[in-house]
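Visitor: Would you mind keeping the following structure in view while I ask a few things?
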Amino acid sequence: MRRDPVTDETVDRCRVEARADPASGLPALAQSLRSLAYRRSQSRPEDAVRLLEESAGIYRTLLADGAAEHLGAASHALSSLAHHYSLVHADDLALAAQQEAADLARRAEAARPVPDLGRAAVMRAALSHALAEARRFDEAVNAARAVAERSRAVAEEGGTDLMWRLLDLTLLLRLAGCIQEAVAVEHEALAWLRDDRAQPAHSPVTTLRTVGAALWFADLGRPGPAHHLLAEAARSCERLPARGGTDNFGFHEGLRSVLFARSGVPDEQAAAEAPDPLALGVDPSQPLQPVLGLSIHHWSFSLRTSFRDGLDALVRAIEDITGTPENTRTSGEACAFEEACASEGADSPPPLPDDRYLLATLGTLTRRRDLRRAVLGEHPSCYAHTTIPRLRRSVDLERRLHTTDPADGTRRLARALADLAMAQLVNGDNAAATGTLYEAHALAVRADVPGDEDLCRALT
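With numbering that gives the first Met the number 0 as the guide, the letters of the sequence shown map in order to residues 0 to 459.
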């Protein structure tokens, strides 16, 4: 049934009805305020906050009168308010609202238990993110552990929720400094995905997750498991059809973005101490950059303006090095333009600098630019003509570096190839991804680190 959009006039009518019949009118008013807030959230975020504060106030009044049937709706309203507080950077208020939302969801579920994951666990997961934002990492980990335990208990064949919950937990454990537990959780996630029942045979999810784990272990300074996992990812990719579908494109790209961001966190954090121009786009007062996945999987530290503004700074720095402005066409124009260029051989990419320092700087800035684009979810419909060519360009750049200094360039090139392979998987080009992964594996250094042999056996 089609519903008319909620307007200021709709809210005014609901106010009149709420005064005439509070029992039915107040819940309707609270809901209409929420709906109007969603319409205002992009253009007038402060307005949205004001509307949601009023909606939350109404639910608090209803609950104070003992109306337990409104616990679920109240929890939704408080969670929405927390999200909008975060968007306007009122972080203390956001955390308090999210704590209240989680408590209301817990009370609602205690009154009416559910057989599945339940809203209470979802709210607790959101609370774990807010706690991490406040740098209360131990509390965040405890909340994420509880959500993962609930997901384990109700996990179904073919479900993906547990995969997300374990990924959340590894991220928070690392922030809390619990590296060994994070490794154990990563092992559990990979073992669960290897179960043939967990994913359809044609799904790239297992391969994507394995590549992401390889990047993560390399980032931890564990080249042995990284080398092993790249080989496993290549074999897993080889079992996929040469050309996959893109029906689940959004989900797969959401997963890639989170995995890509996870391996990019050290780059972003190190940039705060780096010399110019590598420090571009990093706000040292926000040490928890980057935002980890704003598309399908909204694992966040709240979306800071500095993170988006920093993308523009990175683009300008790259243009300064290459001497070529970036294409600023709209998505549709870019697709048509780049397809024409591909067929005519026109508009070739700018030449790479000969100076090795400039080349290395360009490579680092390029990956950070691509990382931010993935995290911000700014993916045009012509993914194959924008995201993938940029990642291929990064591989070309790293190949040039590799020829000048194989000792340092090998690790960088292997990572660039893994980045490209994940994007190829999202685009359904599994045959190309297989070749890319085998090349990355051949480059990845198999270094023996104490304990890595046991870990490699455990990951098999």
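Note that CB positions come from ideal geometry on N, CA and C, so glycine has one too.
#1: Can you find at least 3 beta carbon pairs, one from the stretch 41 to 61 and one from the stretch 22 to 31, that sit closer than 8 Å?
#2: Run the CB neighbour count on Ser-393, radius 10 Å, all protein chains shown included, and call it buried at 16 or more, exposed below.
#3: Compute the beta-carbon to beta-carbon distance between Thr-206 and Leu-424, rounded to the nearest angstrom, for a pair I have assumed lies under 8 Å.
#4: Using a Cβ-Cβ cut-off of 6 Å (strictly less than) and excluding sequence neighbours within five positions of Leu-254, which residues of its own chain qualify?
#5: When the Cα of Ala-73 is compared with those of Ser-85, Ile-57, His-440, His-83, which residue comes out closest?
#6: With DSSP as the reference, label Gly-331 as helix, strand or coil.
#7: Identify, in the order they occur along the chain, each residue of the same chain with its Cβ nearer than 7 Å to the Cβ of Gly-427, setting aside the five sequence neighbours on each side.
#8: Given a cut-off of 8 Å on the beta-carbon distance, is the pair Ala-233 and Thr-433 in contact?
#9: Short of 8 Å in beta carbon distance, which residues of its chain neighbour Ala-175, apart from the five on each side in sequence? Order them along the chain.
#10: At a threshold of 7 Å, does Leu-229 count as lining the ligand ADP (C-beta to nearest heavy atom)?
#11: So, with DSSP's three-state summary, where would you put Pro-265?
#12: If you draw a straight line from the C-alpha of Pro-379 to the C-alpha of His-251, how long is it?
#13: Measuring CB to CB, does Leu-92 end up less than 8 Å from Ser-127?
#14: Could you check how far apart the C-beta atoms of Arg-367 and Glu-267 are, in whole angstroms? I think they sit under 8 Å.
#15: Indicate the three-state DSSP secondary structure (helix, strand or coil) for Leu-168 in the structure shown.
#16: Tell me which residues share the same chain as Val-483 and place their Cβ nearer than 8 Å to its Cβ, disregarding the 5 neighbours each side in the sequence.
#17: Relative to the C-alpha of Met-421, which residue among Ala-17, Ala-213, Ala-312 is closest?
#18: Whole angstroms are fine: how far does the CA of Asp-11 sit from the CA of Ala-19?
#19: If we ignore side chains and look at the alpha-carbon of each, how far apart do Glu-8 and Gly-24 end up?
Guide: Quick look at the numbers:
#1: yes
#2: Numbered from 1 along the sequence shown, position 394 holds the residue referred to as residue 393. Flag for Ser-393 reads buried.
#3: Along the sequence shown, read from residue 1 onward, the residue named residue 206 stands at position 207. Along the sequence shown, read from residue 1 onward, the residue named residue 424 stands at position 425. At roughly 6 Å, the Cβ-Cβ gap stays under 8 Å, so Thr-206 and Leu-424 are in contact.
#4: Along the sequence shown, one-based indexing puts residue 254 at 255. Hits under 6 Å: Leu-207.
#5: Your numbering for residue 73 matches position 74 in the sequence shown. The candidate whose alpha carbon is nearest that of Ala-73 is Ile-57.
#6: Residue numbering aside, residue 331 sits at position 332 when the sequence shown is read from its first letter. Any reading at Gly-331 must be qualified, since the residue scores a pLDDT of 48, below 50, and its modelled position is unreliable; no value is offered.
#7: Translated into the one-based positions of the sequence shown, residue 427 becomes position 428. If we look at Gly-427 and ignore the five residues flanking it on each side, its Cβ neighbours are Arg-242, Gly-243, Gly-244, Thr-245.
#8: Locating residue 233 in the sequence shown gives position 234, counting from the first residue. Locating residue 433 in the sequence shown gives position 434, counting from the first residue. In this structure, Thr-433 lies closer than 8 Å to Ala-233 by Cβ.
#9: Within the sequence shown, the letter at position 176 stands for residue 175. Phe-136, Asp-137, Ala-139, Val-140.
#10: For the structure depicted, the ligand ADP is absent and the ligand set is empty, with no information on it obtainable.
#11: Stepping through the sequence shown from its first residue, residue 265 is reached at position 266. Correct three-state label for Pro-265: helix.
#12: The count along the sequence shown starts at 1 and reaches residue 379 at position 380. The count along the sequence shown starts at 1 and reaches residue 251 at position 252. Distance between the alpha carbons of Pro-379 and His-251: 15 Å.
#13: Translated into the one-based positions of the sequence shown, residue 92 becomes position 93. Translated into the one-based positions of the sequence shown, residue 127 becomes position 128. Not closer than 8 Å, so no.
#14: Taking the sequence shown and counting its residues from 1, one reaches residue 367 at position 368. Taking the sequence shown and counting its residues from 1, one reaches residue 267 at position 268. The pair is a contact, with the Cβ atoms about 7 Å apart (cut-off 8 Å).
#15: Position 169 of the sequence shown, counted from the start, is the residue given in the question as residue 168. Three-state result, Leu-168: helix.
#16: Residue coverage of the chain in this structure runs from 0 to 459, which leaves residue 483 outside it and unanswerable.
#17: Working through the sequence shown from its first residue, we reach residue 421 at position 422. Distance from the Cα of Met-421 is smallest, within the candidate group Ala-17, Ala-213, Ala-312, for Ala-213.
#18: For the purposes of this step, residue 19 is taken as residue 20 along the sequence shown, with counting starting at 1. For the purposes of this step, residue 11 is taken as residue 12 along the sequence shown, with counting starting at 1. Cα to Cα, Ala-19 sits roughly 13 Å from Asp-11.
#19: Numbered from 1 along the sequence shown, position 9 holds the residue referred to as residue 8. Numbered from 1 along the sequence shown, position 25 holds the residue referred to as residue 24. Rounded to whole angstroms, Glu-8 to Gly-24 spans 15 Å at the Cα level.
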